[in-house]
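Asks:
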Amino acid sequence: MPRTLTINGQEVSAGNEQTILEAARDANIRIPTLCHLDGLTDVGACRMCLVEVVGSNKLLPACTTRVQEGMEVHTDTERLRAYRRQIIELLFAERNHVCAVCVANGHCELQNLGIAVGMDHVRYDYLFPRLGVDLSHERFGMDHNRCILCTRCVRACDQLEGAHTIDVLGRGARSLIVRDMNIPWGESTTCTSCGKCVMACPTGALFKQGSTVAEMVHDVEKLAFLRAARERKVWNV
Amino acid sequence: MAQRIVIDPVTRIEGHAKISIYLDEAGEVSDARFHVVEFRGFEKFCEGRPLGEMAGITARVCGICPVSHLLASAKAGDDIFAVTIPPAAEKLRRLMNLGQIVQSHALSFFHLSSPDLLLGYDSDPAQRNLFGLIAHHPDFARGGIRLRQFGQEVIELLGGRKIHPAWAVPGGVREPLTPENRDYLRGRLPEAFTTVKSALDFFKAYADSRAEEVAHFGNFPTLFMGLVSKDGGQWEHYDGYLRIVDSEGRVLVDQFDPRRYAEIIGEAVEPWSYLKSPYYKPLGYPEGAYRVGPLARLNICSGTGTPQADAELAEFRQRGNAHGVVISSFMYHYARLIEILAALERISILLDDPDILSARVRASGGINRLHGVGVSEAPRGTLFHDYLVDESGMIRRVNLIIATGQNNIAMNRTVKQIAQHWIQGATAGIPEGLLNRVEAGIRAFDPCLSCSTHAIGHMPMVVTLIGSNGAVLAEVRRE
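Chains A and B, in that order, give the protein sequences. Each residue of the first sequence is one higher than the one before, counting from 0 in numbering that gives the first Met the number 0. Each residue of the second sequence is one higher than the one before, counting from 0 in numbering that gives the first Met the number 0.
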């Protein structure tokens, strides 16, 4: 049974299983996201899609909150804009993002969001962690300096490829994306080298070997296509 | 009482520097030093980066000559890939480097140095800049600005942007040239030729009437080093063999593979500057001082390879010593203008080459060698990029030898020579115009200090006058 709610004052009709994010997109209302990727399950990790819901004293992630009848949602308030900019600034301060010489320059979701939220500078001290680059895989590389721990690669590997080579080590800002039991990527016995993790990455953290500056374009659309094609059983096998 | 004069900052050059002039008890100049006061550390922080990123990272060494670093880095990458790049890719890289030479030389001559020449060394410093030039010599200034713009357009139309194009990559280049862009550049050439020819006419007349500057702006024997073409030893800017010639025209080194540079070039370090002082090893430091850049390239080559520049080269050599070698650093300006002419002629030839529109511009390759050296001629001289990588293509060690650094010893001697000639029996009241001549001596080399210390920013200047007891007696500072 469909639900009726308002988003930014606009009446919206949505399926009862839909999330606020899905309902908003159907109504052409854009909510910024980072850890969400069409074709993967949502984890509500990045907090970019937080929205205000009248009657709730906390902010709710639009990607994991289901719509309810009569819900009053606000997606673009001054408070939300301030938090979103803060989140992006903290992501930039947490690791070593240098857009000018990044393989994903010009094709990066983090960079695009930085522009969208009006991040003209970062108010926090950079942490400058010493993080490594893994070039041991024949075709792909991982630069932890550019990783924002969105876990899209972890979910793509698990949910689409079914290999579950990739996982998260540690806690908090010190977490690291690892392969198998934290071994060099090139030594992984479970990785199928399918490249879905590279497609899923929003930044330049995962890239094709040999990529030069601004050359790495991620094919995120292919992942949603794969998921949808499987669900609709478009391949008769 | 002995004194020290400090010029800080040195203006109208690229980067940060200051000059100290030491006076003895009698007020005579006993020594002078050119200090480069910035430090950047590219060689260190490139360690641990993937090879593919190096062209993009090292291009950031400089905003004036990013193309030079881009090309030297891409060539070091070609060496590590162990590939021969497609012929069109080499021609396109050459085209971009020629555009770079035009724009950088035009910047040095018209924007930075011509205010001294046209307005006078002693003119009002507030007017002695590009804006004063526009006010007093608008056609000259406009021509220079548009000439530089043309060079920038060559770079932009190939690489997608004027500064820091991520275009040359290990194995070739990323994008070919379109017919529309080729035609556009062709259309811009006649005006560029006219501008540089009238600048040459002006400079020749100027130099012939300024014997004092020619005789004292870094006029001393050194070696000269640069690339020459593998075939015939002609003027070269992208690939070739190293040649070293002395001030009497004797060839000391020839047909030398530049990848073996470490066998003949040593690097000395002085405690008072972040700029290293490379020297020719067999002669030791500092006797092995050599100069690079436009003056050196014209002194070492057998010819420029194009008719108009060859005619100018013949005239240039007539202004040299008995051996046809031009040893005054003041003539760097002259050499720069001849090189612009040579570059324009070569651009014209390349644009007519049917191969220049080929879409096959990038060879693929992997890590086939763990050591790669890329050498090209930057506007300011020979540029070396030397990388060690591991089996996965991760950078393990970087050595960059930058053109400006190689002129370090000569720049120091130039400062001393100018100071000794113009600042005698000095007191704290040295006229600003005399100090400007000291700066102008540095400007003749068109140093890029951001590059040479692998460092940042525009260049303020300080000249300090230091007494024999070490006390600073006078300081002229300019932001």
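All C-beta atoms, glycine included, are put in the ideal place defined by N, C-alpha and C.
Give every residue of the same chain whose Cβ lies closer than 6 Å to the Cβ of R229/A, excluding the five residues on either side of it in the sequence, and list them in chain order.
Replies: Closer than 6 Å at the Cβ level, and outside the excluded window around R229/A, lies no residue.
Asks: Can the beta-carbon of E88/A be found less than 7 Å from the beta-carbon of R46/A?
Replies: In this structure, R46/A does not lie closer than 7 Å to E88/A by Cβ.
Asks: Residues of chain A with a CB under 7 Å from the CB of S391/B: which are they?
Replies: Those within 7 Å of S391/B in chain A are L134, S135.
Asks: Which whole runs of the beta strand (DSSP E) in the segment 26-53 of chain A are 3 residues long or more, in chain order?
Replies: Taking only runs of at least 3 residues, the beta strand (DSSP E) segments lying wholly in the segment 26-53 of chain A are 49-52.
Asks: Per DSSP, D142/A is paired with what?
Replies: Paired residue(s): V132/A.
Asks: Return helix, strand or coil for C196/A, following the three-state DSSP convention.
Replies: If DSSP states are grouped into helix, strand and coil, C196/A belongs with the helices.
Asks: Under 7 Å Cβ-Cβ, which residues of chain A neighbour I56/B?
Replies: The contacting residues are V100.
Asks: Within 10 angstroms of its Cβ, does G456/B collect 16 or more other Cβ (buried), or is it exposed?
Replies: Here the model assigns G456/B a pLDDT of 33, short of 50, so the residue's position is not dependable and the matter cannot be decided.
Asks: Can you check whether the C-beta of T202/A is within less than 7 Å of a C-beta belonging to chain E?
Replies: Here chain E cannot be found, since the structure's protein chains are A and B.
Asks: Could you tell me the boundaries of the alpha helix (DSSP H) in which N398/B lies?
Replies: No alpha helix (DSSP H) holds N398/B; the beta strand (DSSP E) holding it covers 394-400.
Asks: Taking its Cβ as the centre, do 16 or more other Cβ atoms sit within 10 Å of H217/A, making it buried, or is it exposed?
Replies: Buried, since its Cβ has 16 or more Cβ neighbours within 10 Å.
Asks: So I243/B and I400/B are in contact, right, with Cβ under 8 Å, and what is the actual spacing, rounded?
Replies: About 14 Å; that fails the 8 Å criterion.
Asks: Where does the unbroken beta strand (DSSP E) through T193/B begin, and where does it stop?
Replies: T193/B -> not in any beta strand (DSSP E); alpha helix (DSSP H) instead, spanning 178-207.
Asks: From the DSSP output, in three-state form, read off M330/B for me.
Replies: M330/B: helix per DSSP, three-state reduction.
Asks: Within the same chain, show all residues whose beta-carbon is closer than 8 Å to that of Q9/A, passing over the 5 residues directly before and after it, in chain order.
Replies: Excluding sequence neighbours, Q9/A sits near A26, I28.
Asks: Counting only Cβ pairs nearer than 7 Å, list the residues of chain B close to G209/A.
Replies: Ordered by position in chain B, the residues that pass the 7 Å Cβ test against G209/A are G51.
Asks: Opposite V324/B in the DSSP bridges: which residues?
Replies: Answer is none; V324/B lacks a bridge partner.
Asks: Please determine if the segment 306-323 of chain B and the segment 340-352 of chain B are in contact, where contact requires at least 3 C-beta pairs separated by less than 8 Å.
Replies: Yes: at least three Cβ pairs fall under 8 Å.
Asks: C101/A by DSSP, collapsed to three states: which one?
Replies: Note: C101/A maps to coil in three-state DSSP.
Asks: Helix or strand or just coil, what does DSSP make of D218/A?
Replies: Coil at D218/A, not helix or strand.
Asks: Run the CB neighbour count on T193/B, radius 10 Å, all protein chains shown included, and call it buried at 16 or more, exposed below.
Replies: By the neighbour-count rule (16 or more Cβ atoms within 10 Å), T193/B is not buried but exposed.
Asks: With distances taken between CB atoms, is the gap from T202/A to A44/A smaller than 7 Å?
Replies: Contact flag unset, no.
Asks: Tell whether a beta-carbon distance below 7 Å holds between V5/B and Q419/B.
Replies: Against a cut-off of 7 Å, the Cβ pair of Q419/B and V5/B comes out as no contact.
Asks: Report yes if the CB atom of V66/A is closer than 7 Å to the CB atom of I19/A, and no otherwise.
Replies: Yes. Within cutoff.
Asks: Under a three-way DSSP split, which group does H163/B fall into?
Replies: In the structure shown, H163/B sits in coil (DSSP, three-state: anything other than H, G, I, E or B).
Asks: What in chain B is Cβ-close to V212/A, meaning under 9 Å?
Replies: Ordered by position in chain B, the residues that pass the 9 Å Cβ test against V212/A are G51, E52, A54, G55, I56, A58, H163, A165, V168.
Asks: Count the other CB atoms, across all protein chains shown, that sit within 10 Å of the CB of L168/A; report buried if there are 16 or more and exposed otherwise.
Replies: That one is exposed.
Asks: By the DSSP assignment, the alpha helix (DSSP H) with H236/B in it spans what residues?
Replies: Premise fails: H236/B is in no alpha helix (DSSP H) and is neither H nor E.
Asks: What residue from V268/B, L94/B, M410/B has the CA that sits closest to S328/B's CA?
Replies: Closest option to S328/B, Cα to Cα, is M410/B.
Asks: With burial defined as no fewer than 16 other Cβ atoms inside 10 Å of the residue's Cβ, what is the status of E338/B: buried or exposed?
Replies: Counting Cβ neighbours within 10 Å, E338/B comes out buried, since at least 16 surround it.
Asks: Would you kindly work out how many angstroms separate the C-alpha atoms of N128/B and P8/B, rounded to a whole number?
Replies: Cα to Cα, the separation comes out at about 15 Å.
Asks: How would you write the range of the alpha helix (DSSP H) that T57/B sits in, first residue to last?
Replies: Counting along the chain, the alpha helix (DSSP H) containing T57/B begins and ends at 53-58.
Asks: Which of the three DSSP states is assigned to C152/A in this structure?
Replies: Correct three-state label for C152/A: helix.
Asks: State the start and end residues of the unbroken beta strand (DSSP E) segment that holds R178/A.
Replies: Looking at the DSSP string, the run of the beta strand (DSSP E) that includes R178/A is 175-178.
Asks: Counting pairs of beta carbons, one from the segment 119-134 of chain A and one from the segment 390-404 of chain B, are three or more of them closer than 8 Å?
Replies: Contact holds: three or more Cβ-Cβ distances are below 8 Å.
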